[in-house]
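Below: the structure, in structure tokens.
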Amino acid sequence: MKSLPEEPEKPLRDDCCGGGSCCPCIWDLYYEKLAKWKEAKREFDELANNESSETRSSD
274 MKSLPEEPEK PLRDDCCGGG SCCPCIWDLY YEKLAKWKEA KREFDELANN
324 ESSETRSSD
């Protein structure tokens, strides 16, 4: 089974300049990576649950 990638690390408050002019902002990048990670985690959990169900039903 494919492994789940690591959850993206949340930036520190001091990592952001706070100016609002960075494009993309580190927070934009973080939330984009987090959304992709959450989707991958949902798929990973779903696959794990399906495999677990199949194992139990074949016993």
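Adding 273 to a residue's 1-based position in the sequence shown gives its number in the working numbering.
Glycine included, each C-beta is placed from N, C-alpha and C at the ideal position.
Values in this document were obtained by computation on a predicted structure and should not be read as measured data.
For residue i, which of helix, strand or coil comes out of DSSP?
{"i": "E312", "result": "helix"}
{"i": "E280", "result": "coil"}
{"i": "S294", "result": "coil"}
{"i": "L285", "result": "coil"}
{"i": "K306", "result": "helix"}
Flag this pair as yes or no: are the beta carbons of residue i and residue j separated by less than 8 Å?
{"i": "W300", "j": "P281", "result": "no"}
{"i": "L277", "j": "F317", "result": "yes"}
Starting from the Cα of residue i, find the closest Cα among the options and give me that residue.
{"i": "E279", "options": "P297, C296 and A313", "result": "A313"}
{"i": "K283", "options": "L307, N322, S326 and R315", "result": "L307"}
{"i": "Y303", "options": "S294, C289 and R315", "result": "C289"}
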